[in-house]
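Residue numbers (this note's numbering): -10 to 227.
Cβ atoms here follow ideal geometry from the backbone N, Cα and C, with glycine treated the same way.
Computed from a prediction, not measured in an experiment: that's the story for all the values here.
The structure appears right after this line, and notes come after that.
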Ligand code: GLP
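Spelled out as structure tokens, the structure:
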């Protein structure tokens, strides 16, 4: 595991954006795994700015998002499809057909999840997977207790996640489609960005380097090309 201990959250986001840009520049046909969440907003802002400056083209890049809520309309402000459009895809030259995210309202959610996993495999697997971190240690929407060998599937969201992600948790969806832990761990490179004090307990569990089923993020430490990027608050420094 490589750990980039950034001096502040802005530097942490820029370092993460730089890793994505470098990967895209070196692999013009890269398959990226993308994440959502507030942590990623400044990252995508930097990626878009660097791409605009002509540093890198996303024209032949394919992406797969980690997850999507089930039951929201596709353009609902809280949907991850809408998030990706607003924060990244409309700012770069990516072809809309190359951008993948699980459907929010599929007729058969289990079938949609299986097709999504098959599409990742058909694309040759993920080259660089970007990850945020849940306060409870989830990655994607793999909540505590998720199986190490899980693939893309329908998942039930924990109360903690529904509270964290929605100001009124009564409005929060109860389920999502998420890449599994095995899907994520099959990526050739993984970069996780954690900023803010609410992530420090989960960051500790990654750094501990021991697999703990109650902390899905702990499985990352055993990956052969994993980079953790943190700001001081996420490291528990005051
Ligand atoms: C959601 C996503 C996770 C992401 C998390 C972090 O739960 N499913 O992939 O890591 O948000 O969100 P934030 O960056 O807003 O803390």
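Residues near residue i in its chain [Cβ-Cβ closer than 6 angstroms; skip 5 each side]
i           : result
residue -2  : 184 and 220
residue 17  : 49
residue 145 : 164
residue 214 : 178
residue -7  : 4 and 218
residue 109 : 53
residue 25  : 69 and 72
Enclosing alpha helix (DSSP H) for residue i [first to last residue]
i           : result
residue 71  : 69 to 76
residue 33  : 30 to 41
residue 224 : Per DSSP, residue 224 belongs to no alpha helix (DSSP H) and is neither H nor E.
residue -2  : -2 to 15
residue 44  : Per DSSP, residue 44 belongs to no alpha helix (DSSP H) and is neither H nor E.
residue 101 : 98 to 111
residue 148 : 148 to 154
Exposure label - residue i; buried when at least 16 CB within 10 Å
i           : result
residue 62  : exposed
residue 159 : exposed
residue 42  : exposed
residue 116 : buried
residue 140 : buried
residue 75  : exposed
Simplified DSSP state of residue i, which is helix, strand or coil
i           : result
residue 87  : helix
residue 189 : helix
residue 116 : coil
residue 178 : strand
residue 127 : coil
residue 212 : coil
residue -6  : strand
Residues near residue i by beta carbon distance below 8 angstroms, same chain, minus five either side
i           : result
residue 82  : 40, 46, 47 and 48
residue 203 : 126, 133 and 134
Residues of its chain near residue i, where Cβ-Cβ distance is below 7 angstroms and the 5 sequence neighbours each way are ignored
i           : result
residue 84  : 48
residue 195 : 206, 207, 209, 210 and 217
residue 172 : 106, 109, 140 and 141
Opposing strand residues paired with residue i [DSSP bridges]
i           : result
residue 20  : 51
residue 56  : 167
residue 239 : In this structure the chain extends from -10 to 227, so residue 239 is not present and cannot be described.
Start-to-end residues for the beta strand (DSSP E) that takes in residue i
i           : result
residue 217 : 215 to 219
residue 145 : 142 to 145
| query | Can you pull every residue whose C-beta falls closer than 6 angstroms to some heavy atom of ligand 2, listed in chain order? | reply | Of the ligands this structure carries, namely ligand 1, none is ligand 2.
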